[in-house]
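**Student:** Numbered per the working numbering, the sequence shown spans residues 439 to 898.
The structure under discussion is supplied below as structure tokens; questions concerning it will follow.
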Amino acid sequence: MTTLRTILWFVVAAAAMLGAVWLAERPGNVTAEWQGWRLDTSVGALMVAVVVLILVSIGLWLLYRWIVGAPGALLEGWGESRRRRGYRELTQGLAAVAAGDGVEAQKHARKAEQLLSEPALTLLLSAQAAQLTGDRDGAKKAFNAMIEDEQMAFLGLRGLIGQALRDGDQGKALALAERAFKLRPQTPWVVHSLFDMQAQAGQWKAAQETLDAGVRRKVVAADKGRSLKALLEVERSREAEQEGRAEDALSLAREAFGLAPERIAATERLAALQIKAGDGKKAMRTIERGWAVAPHPDLVPLYLEAAGESEALKRVGVVRKLAGQNPSDIESHIALAEASLEAGLWGEARRHLETAGGTNPPVRVCRLMAEVEERAQADPAKVHDWLAKVADAPADRSWRCTACGAHHEAWRPVCESCGAFGTLQWRTPGTYGQILPPEQQIALQAAPALAAPTGSSPPP
Ligand SMILES: [Zn+2]
């Protein structure tokens with residue numbers, strides 16, 4: 439391309455040079471006559487005049503273009519400054535939102551709305567400003583308008599879900615979460631919120647589908663997905679049993695236990711159904727396997743029921759077999775101490791409690807020690823000493839929510855305080871996630887606490 443142009447220039451320059459030489463070799467005059475006017479000039483002067491004429495014409499054309507285009511350019515400049523002012527209002531509004539000044543934010547939102555033709559951005563500001571000032575209707579209006587905008591629909595849904603939850607309208611929140619999930623199935627808070635809401639509503643199958651999608655998109659870790667699936671199957675098994683589908687109930691429980699034998703609820707469910715079906719031996723094996731990975735006091739009576747042993751001394755032997763599956767765990771020693779206590783084996787009971795308690799016995803151990811001393815009718819001062827220790831003893835293991843830290847008397851699939859599904863763990867306080875690592879704390883703050891009454895957006 440460039441070489442072609444260079445060659446062309448050479449040709450033109452050569453032609454011009456040849457023309458000039460040709461003209462110089464042939465000097466002459468030009469005479470023009472018109473309506474009584476007469477012009478005498480040389481050919482060279484005429485050529486110069488023609489070139490000057492062409493240049494002046496080009497100049498006039500450019501001047502004309504500039505004059506015609508000026509109003510447009512002026513308008514453009516004006517629009518530019520308007521837009522700049524609009525964005526300044528928007529920025530100040532967002533700064534006011536960040537500072538928590540709702541009134542100021544609303545003022546800037548209104549100005550930005552007048553100046554900018556960007557409904558999506560100004561709506562977002564208006565919604566946040568309305569939320570800050572506690573203007574629920576204003577916020578709702580803005581969120582609803584955002585739903586109509588393709589880019590903002592997701593944010594609008596998020597706002598409306600938060601409002602529905604604060605209103606206690608679970609059904610509406612669930613329907614909105616389903617819409618949000620359709621829009622962005624890869625967003626973690628959508629997956630988690632929808633899953634928890636479906637579980638709260640007892641929609642186990644739907645929750646399962648959401649969970650599967652979450653695992654597929656790596657929003658839920660595979661290991662956590664497996665454990666939650668097992669707990670969903672435990673609930674489905676309960677449902678099947680209530681509906682009289684004993685076969686389904688048992689196969690679901692078996693699948694749940696196979697997936698997550700470390701979930702005590704799965705062990706309990708399968709063992710209870712096996713006992714009900716008259717298969718005590720199988721139930722005992724189930725509980726032994728469960729005890730090996732996750733022992734829990736509730737499994738002991740179930741194990742004794744499966745063994746069908748009623749004689750106190752023989753029951754100690756039965757519990758010893760169970761404890762043997764996990765001999766170093768505190769639950770094994772406490773279970774043996776309790777069985778020994780029932781059988782009147784005070785020394786045996788004391789020995790297990792001493793092992794269970796170590797140097798700093800927890801509340802349960804102190805209470806049981808007091809009971810042993812009382813029933814053994816030994817020194818009354820010892821009973822008193824053990825009961826006095828209860829006040830300062832470290833807390834026992836209990837059902838605690840790993841999401842919110844709430845304590846529960848018994849296992850339940852959904853945490854009553856935060857609404858999360860499958861978060862209850864049998865633990866001592868301090869070993870659960872109440873004090874979260876910093877990166878997790880930030881994540882929790884960034885996500886809207888949909889299930890909780892308080893969230894990232896302040897309550898009205
Ligand atoms: Zn909770």
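Even glycine gets a Cβ: it sits at the ideal position worked out from N, Cα and C.
All of these numbers come straight from a predicted model, not from anything done at the bench.
Inspect the CB distances between the region 538 to 546 and the region 507 to 514 and report whether three or more fall short of 8 Å.
**Tutor:** No contact exists between the region 538 to 546 and the region 507 to 514.
**Student:** Beta carbon of L559, beta carbon of G860: below 7 Å?
**Tutor:** Stepping through the sequence shown from its first residue, residue 559 is reached at position 121. Stepping through the sequence shown from its first residue, residue 860 is reached at position 422. In this structure, G860 does not lie closer than 7 Å to L559 by Cβ.
**Student:** For the beta strand (DSSP E) holding V468, just list the boundary residues, first then last.
**Tutor:** Counted from its first residue, the sequence shown places residue 468 at position 30. Segment N467 to W472, the beta strand (DSSP E) holding V468.
**Student:** My assumption, with CB atoms under 8 Å, is that A668 sits in contact with A678. Please give the rounded CB distance.
**Tutor:** Within the sequence shown, the letter at position 230 stands for residue 668. Within the sequence shown, the letter at position 240 stands for residue 678. That belief does not hold up - the Cβ atoms of A668 and A678 are roughly 15 Å apart, past 8 Å.
**Student:** Using C-beta distances below 7 Å, list every residue in its chain close to Q872, excluding the 5 sequence neighbours before and after it, in chain order.
**Tutor:** On the sequence shown, position 434 is the one that residue 872 refers to. Caution applies to Q872, whose pLDDT of 36 falls short of 50 and renders its modelled position unreliable; the value that the coordinates give is listed next. Closer than 7 Å at Cβ, skipping near neighbours: G843.
**Student:** Name the DSSP beta bridge partners of T560, please?
**Tutor:** As a first step, residue 560 must be located in the sequence shown, where it is residue number 122. DSSP, once it has assigned bridges, lists no residue as partnering T560.
**Student:** What does V486 pair with, by DSSP beta-bridge criteria?
**Tutor:** By 1-based counting over the sequence shown, the position of residue 486 is 48. DSSP, once it has assigned bridges, lists no residue as partnering V486.
**Student:** Would the beta-carbon of A591 fall within 7 Å of that of L603?
**Tutor:** Counting from 1 along the sequence shown, the entry for residue 591 is found at position 153. Counting from 1 along the sequence shown, the entry for residue 603 is found at position 165. Contact flag unset, no.
**Student:** Which class does S480 belong to by DSSP, given the choice of helix, strand or coil?
**Tutor:** Position 42 of the sequence shown, counted from the first residue, corresponds to residue 480. Of the three classes helix, strand and coil, the one that applies to S480 here is strand, per DSSP.
**Student:** Rounded to a whole number of angstroms, what is the C-alpha to C-alpha distance between W729 and A615?
**Tutor:** As a working mapping, residue 729 is identified with position 291 in the sequence shown. As a working mapping, residue 615 is identified with position 177 in the sequence shown. Their backbone Cα atoms lie some 38 Å apart in a straight line.
**Student:** Run the CB neighbour count on I445, radius 10 Å, all protein chains shown included, and call it buried at 16 or more, exposed below.
**Tutor:** Here the question's residue 445 lines up with position 7 in the sequence shown. With fewer than 16 other Cβ atoms within 10 Å, it is exposed.
**Student:** How would the residue list near ligand 1 read, in chain order, if you kept each one whose beta-carbon is closer than 6 Å to any heavy atom?
**Tutor:** Going along the chain, the residues that qualify are C839, A841, C842, A844, C853, S855, C856, A858 and T861.
**Student:** If distances are taken between C-alpha atoms only, which option among N467, A487 and W472 comes closest to D478?
**Tutor:** Reading the sequence shown from its first residue, position 40 is the one you call residue 478. Among N467, A487 and W472, the Cα nearest to that of D478 is on N467.
**Student:** Is DSSP giving L554 helix, strand or coil here?
**Tutor:** Taking the sequence shown and counting its residues from 1, the one referred to as residue 554 is at position 116. L554: coil per DSSP, three-state reduction.
**Student:** Would you mind working out which of F695, A483 and V757 sits nearest P735, comparing C-alpha positions?
**Tutor:** Residue 735 sits at position 297 when you count from the first residue of the sequence shown. Checked all of F695, A483 and V757; the closest Cα to P735 is V757.
**Student:** In the DSSP assignment, the beta strand (DSSP E) including S836 goes from what residue to what residue?
**Tutor:** Sequence index remark: in the sequence shown, residue 836 carries index 398 (1-based). Counting along the chain, the beta strand (DSSP E) containing S836 begins and ends at S836 to C839.
**Student:** Among all the DSSP beta bridges, which residues are the ones paired with L862?
**Tutor:** What you label residue 862 is simply residue 424 of the sequence shown in a count that begins at 1. Paired residues: C839.
**Student:** Using 10 angstroms around the beta-carbon of P898, count the other beta-carbons present and answer buried if the total reaches 16, otherwise exposed.
**Tutor:** By 1-based counting over the sequence shown, the position of residue 898 is 460. Low per-residue confidence applies at P898: pLDDT is 35, beneath 50, and the placement is therefore not dependable, though the value from the model is reported in the following sentence. Flag for P898 reads exposed.
**Student:** For E671, does the count of other Cβ atoms within 10 angstroms reach 16, so buried, or fall short, so exposed?
**Tutor:** Stepping through the sequence shown from its first residue, residue 671 is reached at position 233. Looking at its Cβ environment, which holds 16 or more other Cβ atoms inside 10 Å, E671 is buried.
**Student:** Using the C-alpha atoms, what's the distance from G600 back to P875?
**Tutor:** For this step, residue 875 is matched to residue 437 along the sequence shown. For this step, residue 600 is matched to residue 162 along the sequence shown. Because the pLDDT at P875 is just 39, under 50, the model does not fix this residue reliably, and the value given afterwards should be weighed accordingly. So the two alpha carbons sit approximately 26 Å from each other.
**Student:** Assuming contact is defined by CB atoms lying nearer than 7 Å, are A583 and A577 in contact in what I supplied?
**Tutor:** Numbered from 1 along the sequence shown, position 145 holds the residue referred to as residue 583. Numbered from 1 along the sequence shown, position 139 holds the residue referred to as residue 577. It is not a contact, given that the beta carbons lie outside the stated cut-off.
**Student:** Do you know offhand how far I768's Cα is from A694's?
**Tutor:** By 1-based counting over the sequence shown, the position of residue 768 is 330. By 1-based counting over the sequence shown, the position of residue 694 is 256. Their backbone Cα atoms lie some 26 Å apart in a straight line.
**Student:** At the level of alpha carbons, what is the spacing between M485 and L500?
**Tutor:** Here residue 485 refers to the residue found at position 47 when the sequence shown is read from its first residue. Here residue 500 refers to the residue found at position 62 when the sequence shown is read from its first residue. Going from the Cα of M485 to the Cα of L500 covers about 23 Å.
**Student:** Can A773 and A787 be called in contact, C-beta distance under 7 Å?
**Tutor:** Here residue 773 is taken as the residue at index 335 of the sequence shown, counted from 1. Here residue 787 is taken as the residue at index 349 of the sequence shown, counted from 1. The answer is no: Cβ separation not under 7 Å.
**Student:** Could you compute how far the alpha carbon of V852 sits from the alpha carbon of S631?
**Tutor:** One-based indexing of the sequence shown puts residue 852 at position 414. One-based indexing of the sequence shown puts residue 631 at position 193. Approximately 13 Å between the Cα atoms of the pair.
**Student:** On the DSSP bridge list, what partners appear for V852?
**Tutor:** For the purposes of this step, residue 852 is taken as the residue at position 414 of the sequence shown. In the DSSP output, where bridge partners are listed per residue, V852 has F859.
**Student:** Give the secondary structure of H734 by DSSP, where H, G and I count as helix, E and B as strand, and everything else as coil.
**Tutor:** For the purposes of this step, residue 734 is taken as residue 296 along the sequence shown, with counting starting at 1. Looking at H734 - three-state DSSP - the assignment turns out to be coil, as it is neither helix nor strand.
**Student:** Could you spell out the range, first to last residue, of the alpha helix (DSSP H) harbouring G663?
**Tutor:** Here residue 663 refers to the residue found at position 225 of the sequence shown. Taken as a continuous stretch (DSSP letters only), the alpha helix (DSSP H) holding G663 covers A660 to Q680.
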